[in-house]
Every structure is written in structure tokens, then in C-alpha cells.
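Number of protein chains: 2
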Amino acid sequence: MNSPHFSTKERILGAAEELFARNGFAGASLRELTATAKVNLAAVNYHFGSKDNLVNEVFRRRLDELSAHRLEALKAVQARSEFALEDILAAFIHPALLLSLDKTGGATFVRVLARAYAEHNERLRKFLSENYGHVLKEFAAAFGAQLPHLDKEELYWRIDIIAGALTYAMADFGVIKRRAAMSEKIHRERAAEHLIRFAAAGLHAE
Amino acid sequence: MNSPHFSTKERILGAAEELFARNGFAGASLRELTATAKVNLAAVNYHFGSKDNLVNEVFRRRLDELSAHRLEALKAVQARSEFALEDILAAFIHPALLLSLDKTGGATFVRVLARAYAEHNERLRKFLSENYGHVLKEFAAAFGAQLPHLDKEELYWRIDIIAGALTYAMADFGVIKRRAAMSEKIHRERAAEHLIRFAAAGLHAE
DNA sequence: ATATGATTCAAACGCTCGTTCGGTTTTCCC
DNA sequence: GGGAAAACCGAACGAGCGTTTGAATCATAT
């Protein structure tokens, strides 16, 4: 993963993702991080200014792409002559699934993302809300159009529940242990399927 | 909260809960913690042996009670001549809601719990699974009896999703901002209601 | 009242942390 | 191929960390 043909910045971002997921933001030291990335200790501050800013860049690298994929998928669905609630859910969930299956650390990043939510870190929440909040708004509007009987508050509650469940499921927090015979890819695809079916039923409730 | 009539151990546990929720386990230092608790720095190691063990005790204090309440509520439901899926869900969710409304730090603890999940800490996961895993098993059996058409894997998936959504909802991670006019108590009760309805629909899916 | 054990305390231990600083090496353009 | 800019490097900085120590203080039971 940290092959020499990756630039120093890329190697640092990769190692940061890995160690943030495993040990948290405070728990991952720059010494371990730079050793993993096979770069000098001072490289982080040279290239990113500070550890805090490195955290931001780890998120930006993945979320720009994830958000674009989600909005793209949503557009594609909406362009069709007819579509169901499940299709919008898939537009939201499948890009996250795809990211979690990415060979270059996607699964790791999803866990970092879940950690960020759990940390309740105001700085991070603001960063995420400011930079990627509009995506949630788009999806809320799409769901709302499909569920006209639902008032806005009810709708937001349900989307919130889904986002939480998705984060939780993709980050592999649950009690469900993947059986050795099942590949991680299939395990995650199953999780996404179940989540979509579950969420669709939940959204339709009442 | 740290009034002088609380014992040193209790003051430490209270401060630990607060700071673990705010700054994480690694991020909360014993110096800040003991200052908050108004006890000497060495008191943590005197009363708890180590910081790691303090973490365990923070969980034990709350989870013993939560698990007992859940099993008690489940038994009460099952003793009735008839009951619905929602009643079992309520037996699982309402004790968590009650805990989150506890005046002496329950809401704080719920956030600590969510953090523990996110940390993916093997030591903690083992501790939680070993000490409180049987509760999940009881509920799985209860749900299974109400949903005989569901195979075991499907059932476990759905319970997992619900546990994740509950953790996130109670920990207040979501994008939903409580309106100033609404008390936190009502906000959380609403969350629980929505979650129960959503989860019941999800469990019934197919 | 006094002895004994439990508790609290200030101080220090060794260690790791994020960051900084010159100096060296590499890269790239004229 | 020479010079400027970019990148890298080893070493050190002060600060904060969890933990330990040994003495001071408190509580309790005889």
C-alpha cells in the first residue's frame, strides 16, 4: 500500500487513515504514523502544517469523491421515467458500499468516518456539515418527493436513523461476525442489501 | 454533580464519564480528570489500579443496571397474555432511553458507549461481549419467536441494525438539531418513538 | 488516648507527544 | 551544469502523559 511510487503526501494520507481507524485521532502518534508511511517525522508538518490539518485532508480526499458519486447516482435515478424509494436509498448507500470495498483503504476510511461521528468533535462536525451537508439535503428532498404524506420532521428523523445505521453497518461495529467462508466483499454487499430493505420498510412506515 | 457528599470513587467515575464522552479515552488525561473530580492525581491509581481499569468500571456501573432493566422489561412483556413486536422493541429501547435521561450523567454515558463501539477497541469489545452479550441473545430469541418466518441470519442482521441505530440516536450523533423550544427529555422520547416504529417496520419487512 | 489501617497528598519518575530548526539532499528550470 | 526552490532528514525542544513513591492526614476500633 505504501509502495515507493506513491508520493510522500499520499503515503502519509494512507498511513494516517490506517492509524486513525485503528487508534483514533488522539491515539495515533505522528511517530508511528511516519514510520508506517516510511517518511521522516518532520514530513507531516512540512506537507500538512499540523496534525489537525492532516485529519481534515484525510476526510477531504475521500468525501469529495463519495459525495460526487452519491449525487451522480441520485441524478441517474431521477432521470429515469420511474423509480422507487429503494432506488434513492441505493443511490445513497451503494457509493458508501463501493467506497468501503475500495482496495486502497476505503474500508479503513469508513471506520475513520464512524469514529469522527462518535468523537462529537465540534471542529470536525462543522467541517463535515459545511462541506458535505448539501448532499444530505438533496437526498432529503428526493425522499420527501416520494413520501409526500410524511411531514418534514418525520422525514428528517428517518433519514437520520438510516445514516446512523449505515455508518454503523459499514464500519463493521455490529455483533455479526463474518463467517470465514464469506468474503468481506460479499459480507458488505449483504449488509447493504439488508440495510436498503430495512430502511425502505422503515421509511414507508405508517 | 461532584458535590462533596459524593465519595472519591464516585466523583472520579462521574468526571471520567464526562471527560471520556467529551475527549475520548485516550484524549482524557488523568490530570484534567482528577482536577474536574476535585481529587488528587494519584487517587485514580489508588482506587482503580490504572486508567484502563477505570474505563471498565465506568461501563460496569451503568451497564449492570441497563441490562437488568432490559431483561426485567422483557420478562414483563412476555408475562402478558399477548404482546406485539413493538413491545419487545420497547423493552430494549426504553431502558436505554431512561438511562439517557438519568440526571446523574446517563446522557453522557450513552455517548461514552457509542464511542466505545466506534473505537473498535478489542479489549473493550471483549469486555462488553463477555459481560453483556447474553442480553442480546435473550432479545434475539424473543424477536425470533415473533418472527418465525425469518431465518436466524436475517434476524441477527436486523437486530444489529437496530442496535446501531439506537446507539447513534441516543448518542445524539445525527444531523437533527433539537429545537430550542423542545426539552431534551421530549427530544429523546421522540427519538425513541420514531426508532421503535421504524425498527418494527424494518423487522416486519418482506 | 492510642494504635492501625485507609486515604490523601505533593513531588518526582521515565516516557512519548507534536512541533521546530538548521543543514543536507534532491529536483527542476535556464 | 549551475543555481534556486522544493523536499527530506536527524536532532532537539518544551510540554504533557500515566504511574510510583513515601510521607502526612484521617478514620476507626479497642
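Here the protein sequences line up with chains A and B, keeping their order. Everything in the first sequence is counted per our numbering, starting at 1 for the first residue and increasing by one. Everything in the second sequence is counted per our numbering, starting at 207 for the first residue and increasing by one. For glycine and all other residues, C-beta sits at the position ideal for the given N, C-alpha and C.
Report the rounded CA-to-CA distance for residue i versus residue j, giving the unit in angstroms.
i: residue 26(A); j: residue 232(B); result: 6 Å
i: residue 9(A); j: residue 59(A); result: 14 Å
i: residue 20(A); j: residue 35(A); result: 14 Å
i: residue 391(B); j: residue 49(A); result: 43 Å
i: residue 148(A); j: residue 83(A); result: 15 Å
i: residue 210(B); j: residue 317(B); result: Residue confidence is low: residue 210(B) scores 45 on pLDDT, short of 50, so the model does not pin down where it sits. Its coordinate-derived value is still stated next. So the alpha carbons of these two residues sit roughly 26 Å apart.
i: residue 281(B); j: residue 406(B); result: 19 Å
i: residue 244(B); j: residue 260(B); result: 16 Å
i: residue 152(A); j: residue 194(A); result: 25 Å
i: residue 196(A); j: residue 155(A); result: 16 Å
i: residue 166(A); j: residue 252(B); result: 42 Å
i: residue 123(A); j: residue 329(B); result: 29 Å
i: residue 335(B); j: residue 23(A); result: 20 Å
i: residue 127(A); j: residue 347(B); result: 42 Å
i: residue 341(B); j: residue 331(B); result: 15 Å
i: residue 80(A); j: residue 286(B); result: 50 Å
i: residue 363(B); j: residue 144(A); result: 27 Å
i: residue 161(A); j: residue 182(A); result: 28 Å
i: residue 150(A); j: residue 411(B); result: 19 Å
i: residue 279(B); j: residue 116(A); result: 33 Å
DSSP three-state label for residue i, please.
i: residue 289(B); result: coil
i: residue 151(A); result: coil
i: residue 307(B); result: helix
i: residue 335(B); result: helix
i: residue 45(A); result: helix
i: residue 28(A); result: coil
i: residue 170(A); result: helix
i: residue 67(A); result: helix
i: residue 23(A); result: helix
i: residue 210(B); result: In this prediction, residue 210(B) scores a pLDDT of 45, lower than 50, which makes its location untrustworthy; no coordinate-derived value is stated.
i: residue 246(B); result: coil
i: residue 56(A); result: helix
i: residue 411(B); result: coil
Check the C-beta distance from residue i over to residue j and give it rounded, since I have them as a contact under 8 Å.
i: residue 146(A); j: residue 85(A); result: 5 Å
i: residue 298(B); j: residue 345(B); result: 6 Å
i: residue 306(B); j: residue 376(B); result: 5 Å
i: residue 28(A); j: residue 324(B); result: Contact doesn't hold; Cβ gap of about 14 Å is too wide.
Between the Cα of residue i and those of the options, spot the shortest distance and give me the residue it belongs to.
i: residue 168(A); options: 73(A), 130(A), 96(A); result: 96(A)
i: residue 275(B); options: 289(B), 256(B), 304(B), 263(B); result: 304(B)
i: residue 52(A); options: 65(A), 162(A), 13(A); result: 13(A)
i: residue 89(A); options: 24(A), 163(A), 44(A); result: 163(A)
i: residue 62(A); options: 6(A), 205(A), 132(A), 32(A); result: 132(A)
i: residue 426(B); options: 236(B), 408(B), 325(B); result: Residue 426(B) cannot be examined here, being either before or after the span of chain B that is shown, 207 to 412.
i: residue 395(B); options: 223(B), 363(B), 230(B), 308(B); result: 308(B)
Enumerate in chain order the residues of its own chain whose CB-to-CB distance from residue i is below 7 Å, with the five nearest sequence positions on each side excluded.
i: residue 15(A); result: 2, 33, 36, 37
i: residue 77(A); result: 83, 87, 88, 91
i: residue 213(B); result: none
i: residue 263(B); result: 219, 254
i: residue 41(A); result: 30, 31, 34
i: residue 249(B); result: 214, 218, 240
i: residue 327(B); result: none
Leaving out the 5 sequence neighbours to the left and right, which residues in its chain are closer than 6 Å to residue i when beta-carbon positions are compared?
i: residue 398(B); result: 299, 303
i: residue 107(A); result: 100
i: residue 137(A); result: none
i: residue 18(A); result: 108
Quick one: what's got a C-beta closer than 8 Å to residue i's C-beta in the same chain, skipping five residues either side?
i: residue 270(B); result: none
i: residue 217(B); result: 208, 243, 244, 245
i: residue 311(B); result: 207, 220, 223, 224
Considering only heavy atoms of the ligand ADP, does any lie closer than 6 Å to the CB of residue i?
i: residue 316(B); result: As far as ligands go, the structure on display features none, and thus does not contain the ligand ADP.
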